[in-house]
DNA sequence: AAACGGTATGTTATCGTTAACCTACCGTGG
DNA sequence: CCACGGTAGGTTAACGATAACATACCGTTT
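Protein chains in written order, with this note's numbering: chain A, 1 to 367; chain B, 1001 to 1367.
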């Protein structure tokens, strides 16, 4: 009895061996309908012996669902995206769905490819956590219009039938900047403006708002990006953006006394640039990051940053998506914005003083 | 003419609109067979108007291939895995395959779930880059036996019909340790032994070999793991392992003068523990990591580490897999081990002296 | 004894696409 | 004028699983 690995085993093969019809095998495998105990056991035994593996294509085709969800992220190495995906997976797993992740490397073209690929393979729904762009938004709208359930995370794009989860980054940026202002800083730089996003970046708008509200002038030369060569920007290259941007700021005649970076990687790059220049943090320059990635509490000095409830954003997006998959696909958009939380560490306040800052404002968390 | 997003558009729908048969539509969409130019254009126009999306399930079912490859990784946030996946994607994309990534969170159970999920959905092949375990190896063997092309990366498991790509970590561990020995260190610790892997970890064996070869005693108390609570170990928790392990070593009466960490995250944790203890690196304790993740050149001090050609491992695994998918699935195993390269930075040699170390051994790279 | 509901199967048709085969037309070269 | 090869398309039958329906047998209940 030689194995013939050429042709995969089908229900019909098992049925022949077990002297029943394929339908009975199907029932036995899925536990649906009536099957005599002995029959079921015989069928399952044969299936195991023949190393049967169900054909998800045929199954999905007939059942019109694959119990599969796709997630598109821009950078697989980004701890923020990683944490999102954990939240997503937690929820999906409880409901028996598999998660397939597609990486777009922050390119709009590959974003679209990922959408298409997932839609073609009839994922039951798609979670999108990449940066928005005109072309990808358009394709996304087509998908949603054609009935594919979609849930967006932190994506600046709204559609009446796509759910949306995000963090209140405007407020986060505002609080980060206010924290620096409260510490007495007046010349505060911003690192991480990119060409395509321009000024729409919410955490940057929060920075502007805080500056304006406290009557501080916003100097254009204190607002820097990276080299802006390409849009491709994995984690470690945003770190370069931070390094280069900080280097630019350090060359100014009147350099800033504090900087707010678009994310923690960028902030880490800035930390390095400052240290290379022989300056002290936070005494000479204070630094605030964004995201509170795990590494933020392990840099030296540890990094003051803004934490967004990352895993919760993932799990909420998944819950929204499942509700849409299993309910009405045309139901109105669900939307949820999570509050951010300032986490004060040594990059803005010397270790010894951290405690007192906390007491002055109970809103602030200390790590 | 209202849209009916309920039922997705099929070839038959387009055929009706364009006054041809579904077969002609199929030919027009795929560019196969003869189709009159005008017909093709009419068909394509109708398809676009109707927002047609091909059904990959039906297509895959009929064609017996999905042009899809699955990849299983243990930790999505691990830059090493990220870089592997980039290598994989590069190659797959050139050949028109999509990549779906499944994350197992370093759990054997979820490893198996990922395999099953990918096999069920009839991925044309699977790339596995998770840690080996008994149960997952068994399931993997079943899959391979049933004809699914599988390509393994850095996984200590061999099968006659599964290709294997890895780095020569034995040699890497040997060279890292030898480097420390050459610098005059005699008491060298190892951080990162885990309960399940035990002593099979190749880079640890390299450590042992180097110590023995140079006549240095291997002291059991210098070999530490982390808290070993769970097997789940994303990047930042291996960092904790490094911190905790180093803390243990620092409490010894006679502490080591150098440590070799199982990977860069672990090494970063060790760096932090040493700095917290007020000791200098490398003067008091030298540290070597493994993997050369992007952050390794941005820590302070920068991290001496062992670089493995990561992206190449990914692309080679993908090439092996494609060869198997498109050729004979029963072809004998291809196997390739990549050489590692010691990268000397400040955590073992003070910045000023790095140059001279390089000259004494042209094998060593300087970053 | 007929009717009924529960149990255990078998039959048929279909999901959407495409490989394989078949038909038919056209112009051209022998 | 016919055979032939190229072109343009249609027809049929799967791919593998399962929903929907049909069958058949049992033991009860009325």
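Just so it is clear, CB atoms sit at the ideal spot from N, CA and C, and this is done for glycine as well. On a predicted model such as this, the values are computed, not experimentally measured, just so you know.
| Check | Outcome |
| --- | --- |
| Nearest-angstrom Cβ-Cβ length linking residue 1149/B and residue 1324/B, presumed shorter than 8 Å | 4 Å |
| Any non-hydrogen atom of the ligand HEM closer than 7 Å to residue 300/A Cβ | Within the structure as shown, the ligand HEM is missing, as the structure has no ligands at all. |
| Local conformation of residue 173/A per DSSP, three classes | helix |
| Contact set between residue 142/A and chain B, taken where Cβ atoms lie within less than 7 Å | 1051 |
| Given 8 Å, three or more beta-carbon pairs between the stretch 314-322 of chain A and the stretch 84-101 of chain A | yes |
| Interface flag, residue 264/A vs chain B, CB-CB below 8 Å | no |
| Nearest-angstrom beta carbon gap, residue 43/A and residue 20/A [assumed within contact, 8 Å] | 7 Å |
| Cβ pair residue 172/A, residue 206/A closer than 8 Å | yes |
| Any chain A beta carbon closer than 8 Å to residue 1284/B | no |
| Coarse secondary structure for residue 1293/B, derived from DSSP in three states | coil |
| Contained alpha helix (DSSP H) runs [length at least 4] in the stretch 48-74 of chain A, N- to C-terminal order | 56-63 |
| Reference residue 348/A; option with closest CA among 177/A, 168/A, 120/A and 170/A | 177/A |
| C-beta atoms of residue 61/A and residue 1011/B nearer than 8 Å | no |
| For residue 271/A: DSSP bridge partner residues | BP columns for residue 271/A are empty, so no partner. |
| Start and end residues, beta strand (DSSP E) containing residue 129/A | It is not in any beta strand (DSSP E) - residue 129/A carries neither H nor E in the DSSP assignment. |
| Any chain A beta carbon closer than 8 Å to residue 1026/B | no |
| Where the beta strand (DSSP E) containing residue 1335/B begins and where it ends | 1335-1338 |
| Residues of the stretch 1144-1178 of chain B whose Cβ lies closer than 8 Å to any Cβ of chain A, in chain order | 1145, 1146 and 1147 |
| Within-8 Å CB hit, residue 1076/B to chain A | yes |
| One or two residues paired with residue 307/A in a DSSP bridge | 291/A and 341/A |
| Own chain, CB closer than 8 Å to residue 81/A, minus 5 neighbours either side, in chain order | 73, 74, 75 and 129 |
| Euclidean distance between Cα positions of residue 1063/B and residue 113/A | 21 Å |
| DSSP three-state assignment for residue 206/A, whether helix, strand or coil | helix |
| Under 7 Å from the C-beta of residue 1275/B: neighbouring residues of chain A | 300 |
| Cβ distance (whole Å) where residue 192/A is taken to contact residue 241/A below 8 Å | 6 Å |
| Below-8 Å beta-carbon distance, residue 332/A vs any chain B residue | no |
| Nearest-angstrom Cα separation, counted from residue 1313/B out to residue 184/A | 51 Å |
| 8 Å Cβ cutoff, residue 29/A in contact with chain B | no |
| Under 7 Å (Cβ pairs) to chain A, residues found in the stretch 1011-1024 of chain B | none |
| CA-to-CA distance, residue 342/A to residue 1273/B, given in whole angstroms | 25 Å |
| Per-residue burial, residue 1268/B [other beta carbons within 10 Å of its own, 16 or more giving buried] | buried |
| Where the alpha helix (DSSP H) containing residue 1013/B begins and where it ends | 1011-1018 |
| C-alpha gap between residue 223/A and residue 215/A, whole angstroms | 17 Å |
| Residues sharing a beta bridge with residue 99/A, DSSP | 69/A |
| Residue 136/A versus residue 108/A - alpha carbon distance | 6 Å |
| Beta-carbon proximity check, residue 1256/B vs residue 1285/B, cutoff 8 Å | yes |
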